[in-house]
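Chains as they are written, first to last, in this note's numbering: chain A, 1 to 360; chain B, 1001 to 1360; chain C, 2001 to 2360; chain D, 3001 to 3360. Virtual Cβ for every residue (Gly too), placed ideally from N, Cα, C. Encoded as structure tokens, the structure appears first; notes follow it.
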């Protein structure tokens, strides 16, 4: 069972509500003897934290991670790593006025249907604030993989579509991705994206996004048939991120439009190395990694908390309208980039460890 | 762990290779006192079985299911239901000529990389023949849900895109879907699809497909945050089907292109009933069902086993070419329809049972 | 996988080292709408905490539990309940002198063999301090069961054997158990036990104990064949407590000495109620509860950290001796009583929830 | 969840009823490239099968195992190994007369309380016939461990107590164990045991037994804190065997009577090898193997199906008596020996694989 736990061998359990005293996560199954400090993890946290630019939520959270266990004299010990992140800037007042209304597109209604009770402050557990914990876990996964596989291992995500605006993803400039506030891989698009997003925010609206993730340096042979396929696990992992509605592996949905010849990636050997002539498969064949780059993408729907008035009902069932004030991202897809990277890192480490158990 | 097992409370484990003596599955956690016979399950098997039309594989399998346990005097007892399906028409000779070559787009290469050994006959465990077992498990899930929820519960899948050809999915005529060899919801498209697919087969090629699944009668409140979200589990389930490369929930990838107003489904109460003005969410909010129709779609890549010659390498690493003879579906997406329905049924029953445990 | 997680539906994950900043636990799968406060849990914590009498460790820990999530306006919400307990009185100096030696009977050697690294301070993760987290989780389980089943539900544990000294367990006076420092059910034994244990402590030695647990008010039908048997899960749960070496259900090991007639509990119906003439089964038949009292017992080995000198080796493999100073329980079995109760409560709630899922 | 599945990485799922057409099991997670044939497994099956002597059930079952998947050209492939054993000599008539009565000491009553339905024929799923499947799975585990660790790896079980009769277990003659019908380690006891058991059978009664298991060649470092301890998993595994009521690790329950000095096993290094001066711990410290022999024992209660008349009720709640005819073992503990060995082998392989994943 895994309501709030993710993973098989490398597992993490997250807890906490948006406006509770803290959020956090317990990472279990991390290999021992990996160098790890709070500072190492903070680098990842800082990429996701809100309030960094005018293009994300203005909630001010330093998102400082504190390690409470599992690390001794700077190294992991193989025991659970507990991490805590205090909530510093929760403004629950903003939610007083809407606490009895269901925000369309949000889980307000469904949580109440399921549990008969909900912490409405900041969306409680349903808030994307939970993803900070995922980033902390993902940081550990990435650090462990870099230690095990080496520096050639890399997971990089980028926003390749911001609402109606595309970009040239073939550029894929990693330095650029790390620099601009959109995690956009193509410098040329940034100015336009800025204007576009500000106009959306000004209009009291929001927009969606598509994020692409690429992992290189992943050895062939990771994954497992039939129900622990690498792509199946990735799809479940990415779809579990707040507001995600679609997941592609490699060419994804578009592979339906290709012919058998176009789609299947031909194999060649040259200079002692096996190469594929293309990568429609996104580096995964039959649920197992091929040694190619692992490529996945996912769509994040537009933020549901918007100023513009929407029809809804209240808890008593009366028809009413709602306009959500507060400090919301005009495009939650942007901050989903480090979260996607984190989830992919966790899935890859998990399968790496699994593979050691089963096959080596 | 779940290499070959799917589900949490309602669980099934499949086993068997394409050209072994048999395949089968063990269903665990089925509620007791459900009327169940081999005949009930066979109805579902017959919809997936090959050799029914000229548009699918010509392998002749009756796919007769035999129940070996878990049913007593016509009713489930709560103990594991073991089912076996004998392989009757395996022609391993077809695979002799290609046993040392890796078929591009297939898992031949990755299985060997992972396990260092593989049963090449008919693709062994990697063959989509495994999905027959899923359909058997899904049949039980569907029958159980019909017993528990009632006849209003329904899961229906259809091919809404065949290669480059779309159809009018708004027609969604269930009788039609059950009748034509493509599970196409729109009668008007069938003639064209027939021609198209025959031409593709004749050309020694293959095509992909997009399948849509709709479940109605699903109560609100199923699912669970954060890592057992209903949509996350559905995505993992559908992505685990052979050749699937993309999964959408509701509007899916396209939700990236909508504004916040367009995307979030407004809520109204009328005549004592809660309604949504649209269903971009595909019936799932925050990972929990809303009571709306559950809608998911997935893309199946074109069959990788094609007659047309492709470049590849052999086990020794020599560059060579391959042309796959044998009896293959020109579009594996078609027979993925009952498989998708099965997986969705299993996920829904699983969450239904989980919800009883947690919340009712 | 479950290195540091216990349970199936009602699950808890513990973390923390004996001398780290804090220990804690995350409870997942607790039913919503249960009244819960820190004070409710503290009652259970206080029964286990050290330093209460001269018969246990003199480490002074208030063991104050803080709830960080999962409770809203005094009620559980169905989301994870994170609890933290700060370590206040760790004296790591005591361990400096023995950090390179393996204490016989302890996990010093095996942890190093497994992980290649260990936090030696206070035994790190292997310390029984971890059981404080279990008590916190068990408190929630017990409170939930009392809410669901009612006040007739009860789990009570007692020490029935202290080293070589037995007591009359047929007395089983609950008030007495809650009052004396040994959790002894028979008032008459206490004086003798006091003398005995003080003499052992004085002699620089330690002794073992046998604890019996009784749960009443448990409905018939909990448990599940074949590998989630109620007794199998109880045995695993109790054996996971530090220093436990044996577990009995009902008559336990002694049932080997009975005849078939003596052992099997006859069944009678009288005044509309089903009764058993005896309870050798400990309330469990075929892994499923019968409605009788659930009875289990377990043996705790004598504390391995003793003053008396023992032969051992150091990390470099040199033969040496060790004498363990510091603040250790002369009989760890005593404080294992609330831990045993906690584990039994968790197993029972878990199976109660499971049963709702499967059968009701 | 794991109603009918055992294990974490090396997992097996059993199915089948005593009087159904067949029983069987699906082994998942077996390492690839292990030589395996039906004949290899049959050796283990033959040791458990009934009808071999006058001291066990007279039901005649050849217990022939058939492998249906997962083995290719004589080697495991890493995919699920499905095995089937047909029931050949079920006599359901014997159960007609008692189908509406609850056998005291049996799960007749509790299965009905749980599921509201039960297959009464031969005890259905609750029958110890299920353990044949465990032996098949355990055979594979043992064969895999012998391949991986080498021939020094060994798991041997023996009956060390037959009802009221003990034996000299220090003899522990393996050849003798494999030869006599009681799996008794001491040749001198056999004559007496024969007389004793025949007299019990003649008297229409039954007796219990204690079985000891010893595994040698197990490397140090297997197991995992806190809830996947090697001893915790062993306890759960052995307690899940039909009719088991108590489990000891090493000195077990008796460790309560030892002093700290007596109990903790001193460590010495001599000639470059680490040795322990005793083995009260049963080879497990803090849940992790120490490299010593793993020793566990368990008690099997006397067979509940006896000729002698016992008081009980029927399904309608009427008081009545029961006398169970049919072909029952006078001591089910005897045939529990290969079952115990099987469970121990499975737990050890599982932890061996886990350890590879986590730590090497």
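For residue 2310 of chain C, a Cβ of chain D is located within less than 7 Å of the residue's own Cβ.
Apart from sequence neighbours up to five positions away, the residues of its chain that approach residue 2339 of chain C with a beta-carbon distance below 7 Å are 2048, 2131, 2134, 2135 and 2241, ordered along the chain. Taking 7 Å as the threshold, the shortest C-beta distance from residue 1359 of chain B to chain A falls below it. As DSSP reads the structure, residue 3086 of chain D sits in a beta bridge with D:3022. Cβ proximity to chain B below 8 Å picks out 2078 and 2079 from the region 2053–2080 of chain C. The count of Cβ pairs closer than 8 Å, one atom from the region 2303–2320 of chain C and one from the region 2138–2155 of chain C, stays below three, leaving the stretches out of contact.
Around the beta carbon of residue 259 of chain A, 16 or more other beta carbons sit within 10 angstroms, so the residue counts as buried.
Legend: CB atoms of the region 2223–2234 of chain C lying less than 9 Å from CB atoms of chain B belong to residues 2224, 2225 and 2226. If you draw a 10 Å sphere on the C-beta of residue 236 of chain A, you find 16 or more other C-beta atoms in it, and that means buried. A straight line joining the alpha-carbon of residue 195 of chain A with that of residue 297 of chain A spans about 25 Å. Within chain D, the C-beta atoms nearer than 9 Å to that of residue 1028 of chain B come from 3001, 3002, 3003, 3004, 3005, 3013 and 3015, in chain order. The Cβ-Cβ distance between residue 1300 of chain B and residue 1209 of chain B falls below 7 Å.
Looking at the backbone, the Cα of residue 3139 of chain D and that of residue 3345 of chain D are separated by about 8 Å. Judged by their CB atoms, residue 3192 of chain D and residue 2257 of chain C are not nearer to each other than the 7 Å cut-off. The region 1346–1355 of chain B and the region 2040–2057 of chain C do not touch, with fewer than three beta-carbon pairs separated by less than 8 Å.
The C-alpha of residue 1287 of chain B is placed about 23 Å away from the C-alpha of residue 326 of chain A. Neighbours of residue 119 of chain A across chain C, judged by C-beta separation under 7 Å: 2072 and 2077.
Membership of residue 358 of chain A in the alpha helix (DSSP H) is indicated by the continuous run 336–359. Between residue 1330 of chain B and residue 2358 of chain C a beta carbon distance of about 43 Å is seen, past the 8 Å cut, so the two are scored as non-contacting.
In terms of beta-carbon proximity, residue 347 of chain A stays away from the interface with chain B, with every pair separated by 7 Å or more.
Residue 3312 of chain D sits buried, since 16 or more C-beta atoms from the chains shown fall within 10 Å of its C-beta. In this structure residue 276 of chain A is not in contact with residue 261 of chain A, their Cβ atoms being roughly 14 Å apart against a cut-off of 8 Å. Proximity of chain C to residue 3019 of chain D at the Cβ level (cut-off 9 Å) is not reached, the minimal Cβ distance being about 16 Å. Secondary-structure assignment with DSSP links residue 2167 of chain C through no beta bridge to anything.
Within the region 1199–1220 of chain B, 1205, 1206, 1207, 1208, 1209, 1210 and 1220 place their CB atoms closer than 7 Å to a CB of chain A, listed in sequence order. Taking 8 Å as the Cβ-Cβ cut-off, the region 1232–1264 of chain B has no residue approaching chain C. The beta-carbon separation of residue 2250 of chain C and residue 2217 of chain C, rounded to 17 Å, does not stay under the 8 Å limit for a contact. Under DSSP, the beta-bridge partners assigned to residue 2213 of chain C are C:2157 and C:2296.
Of the residues assessed, residue 3166 of chain D falls on the exposed side of the cut-off, its CB having fewer than 16 other CB atoms within 10 angstroms. Contact with chain C is absent for residue 3292 of chain D, since none of that chain's Cβ atoms lies less than 7 Å from the residue's Cβ.
For a Cβ distance threshold of 7 Å, residue set 3032, 3077 and 3078 of chain D lies close to residue 1115 of chain B, ordered along the chain. The CB of residue 1125 of chain B comes closer than 9 Å to the CB of 3069, 3070, 3077, 3078, 3079 and 3080 in chain D, given here in chain order. Taken through DSSP and simplified to helix, strand or coil, residue 2137 of chain C comes out as helix.
Contact residues of the region 2170–2204 of chain C toward chain B are absent (C-beta to C-beta distance below 7 Å).
Apart from sequence neighbours up to five positions away, the residues of its chain that approach residue 2040 of chain C with a beta-carbon distance below 8 Å are 2139 and 2143, ordered along the chain. The beta carbon of residue 169 of chain A sits closer than 8 Å to those of 158, 160, 185, 186 and 212, all from its chain and outside the five residues before and after it, given in chain order.
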